[in-house]
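Working notes for the structure below.
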Amino acid sequence: MAHTHDGIDWTERLVALRRADEVEAEFNGPVAERLVDSLTPGGSPPVVVDIGSGAGGMSAAFASALAARGGGRVVLADAVEELLAAAVELARSVAGDTVRVDGVGVDAADDGLPDALPAADLVWASRVVHHLPDQQKAIARLGRMLAPGGLLALCEGGLATRCLPWDLGIGEPGLQDRLIAAREAWFVRMRAEIPGSVRLPIGWTGALAAAGLTDTHSFSYLVDLPAPAPEPVRQSVVDWLAWMSGVGEDDLSESDRQVVQRLLDTDDEAYVGARDDVFVLGASTVHLGRKPA
Ligand SMILES: C[S@@+](CC[C@H](N)C(=O)[O-])C[C@H]1O[C@@H](n2cnc3c(N)ncnc32)[C@H](O)[C@@H]1O
């Protein structure tokens, strides 16, 4: 199986990624429909390739969208075997008879990537390009996977997800902002420590244009799950806090670390998963470019 470049244990992330997919499904579904609807009509059923498919939430959304529009093919591609297997299973569960679903183990930083996958009408790459050493080269590689007239959609950036009230009643108010700042500091280190890391100083639509794609533009969508939130959303908040505090650990103060420990302790009265004032609010941006027909 292929390998990743970022030092992250993605297998360990499966439960949290799956939970996020579940609670965000109502927002991701319309994005998949919008992208499928914007494909150039062709003679054969559309092929969608999901690079870095994670727990498969968007692959499943693409499979549903294609099934509702007469069928097609979804190919999931990821470097981590356990994630890929779970994601393929999820996508197949909604694909029906008219949509073919395949999984392919890949390293998206490998120049042979386009040879390992079918020519695509839509390449979807969500939050994976920033885990690759040379993002510009990676975008050009993804562009080479497109059939003429095909669409490359990069989901990157947006607004940092927020989940907590400003004053939690324990510790200093404003923990969430300090968590976001700590995560940003980690992200800079994560990028710098990827072997062969290259900076991308021109923004995502600029990078799509530099890869030879046309009609470059972006849109953003909200994930808005307000308080009081049902149990799965609260669990997703627990996952968010565990991830943010884990990657940001070195940049949090000792007192913030202690507060986080209490918030994550199911036996503590401060357990965040038992609060009725937590929520999920974030925005994701999709950057698009089309291969000339
Ligand atoms: C942050 S997750 C994003 C998952 C999903 N696309 C989403 O937006 O929720 C990153 C995904 O990229 C995969 N990944 C990381 N490096 C990769 C590489 N070099 N080649 C292929 N997949 C990779 C991870 O295994 C994981 O599934």
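Numbering (numbering that gives the first Met the number 0), first residue to last: 0 to 292. In this text, a Cβ means the ideal position worked out from N, Cα and C, and glycines have one as well.
Can you look up residue i in the DSSP assignment and give me helix, strand or coil?
i: Ser196; result: coil
i: Ile50; result: strand
i: Ala119; result: strand
i: Leu89; result: helix
i: Leu174; result: helix
i: Arg68; result: coil
i: Ser125; result: strand
i: Thr97; result: coil
i: Asp5; result: coil
i: Ala152; result: strand
i: Val295; result: The shown model of the chain, from 0 to 292, leaves out residue 295, and the question about it has no answer.
i: Ile138; result: helix
i: Met34; result: Rather than Met, the amino acid found at residue 34 in this sequence is Leu. Leu34 falls in the helix class under three-state DSSP.
i: Gly168; result: coil
i: Asp20; result: helix
i: Asp114; result: helix
i: Gly56; result: helix
i: Val187; result: helix
i: Val14; result: helix
Spatial neighbours of residue i within its chain, please: C-beta separation below 7 angstroms, excluding the five flanking residues on both sides.
i: Ala59; result: Leu89, Ala90, Val93
i: Val246; result: Arg182, Trp185
i: Ile193; result: His4, Asp5, Pro132
i: Arg233; result: Gly272, Val277
i: Leu141; result: Ile50, Val122, Ala124, Leu151
i: Asp267; result: Arg261
i: Ser196; result: Pro132, Arg190
i: His216; result: Thr204, Leu287
i: Trp9; result: Thr3, Val79, Leu82
i: Asp264; result: Tyr270
i: Ala108; result: His4, Leu131, Pro132, Ala137
i: Ser37; result: Leu150
Determine the contact status of residue i and residue j, defining contact as a CB-CB distance below 8 angstroms.
i: Val258; j: Val237; result: no
i: Gly211; j: Asp120; result: no
i: Pro225; j: Val22; result: no
i: Leu153; j: Leu82; result: no
i: Ile50; j: Val122; result: yes
i: Gly116; j: Val48; result: First, the residue type needs correcting, since residue 116 is Leu and not Gly in the sequence shown. Cβ distance < 8 angstroms, so Leu116 and Val48 count as in contact.
i: Arg289; j: Gly156; result: no
i: Arg256; j: Glu248; result: yes
i: Thr39; j: Gly69; result: no
i: Leu112; j: Met144; result: yes
i: Ala54; j: Ala24; result: no
i: Val127; j: Val103; result: no
i: Leu240; j: Thr160; result: no
i: Ala209; j: Gln135; result: yes
i: Ala118; j: Val46; result: yes
i: Ala19; j: Ser235; result: yes
i: Ala62; j: Val100; result: yes
i: Leu65; j: Gly56; result: no
i: Gln175; j: Leu163; result: yes
Return the bridge partner residues of residue i from the DSSP annotation.
i: Gly202; result: Looking at the DSSP assignment, Gly202 forms no beta bridge with any residue, so it has no partner.
i: Thr284; result: Ser219
i: Gly42; result: Answer is none; Gly42 lacks a bridge partner.
i: Leu145; result: Ala119
i: Arg161; result: Leu280
i: Arg289; result: Leu150, Thr213
i: Val74; result: Val48, Asp101
i: Asp133; result: Val197
Grab me the residues of residue i's own chain with a C-beta within less than 8 angstroms of its C-beta, minus the 5 sequence neighbours each way, in chain order.
i: Tyr220; result: Phe26, Pro29, Val30, Ala282, Ser283, Val285
i: Pro172; result: Trp165, Asp166
i: Glu11; result: none
For residue i, which residues from the same chain have a beta carbon less than 6 angstroms from its beta carbon, with the 5 sequence-adjacent residues on both sides left out?
i: Pro227; result: Asp275
i: Ala15; result: Asp238
i: Ser52; result: Ser58, Leu75, Asp77, Ala86
i: Asp250; result: Ala181, Ala184
Taking 7 angstroms as the line, does the beta carbon of residue i fall inside it for any heavy atom of ligand 2?
i: Met144; result: Annotation note on ligand 2: not contained in the displayed structure, which lists ligand 1 as its ligands.
Practice task
For the region 204-274, list the beta strand (DSSP E) runs that are entirely contained and at least 3 residues long, ordered along the chain.
Solution key: 213-224
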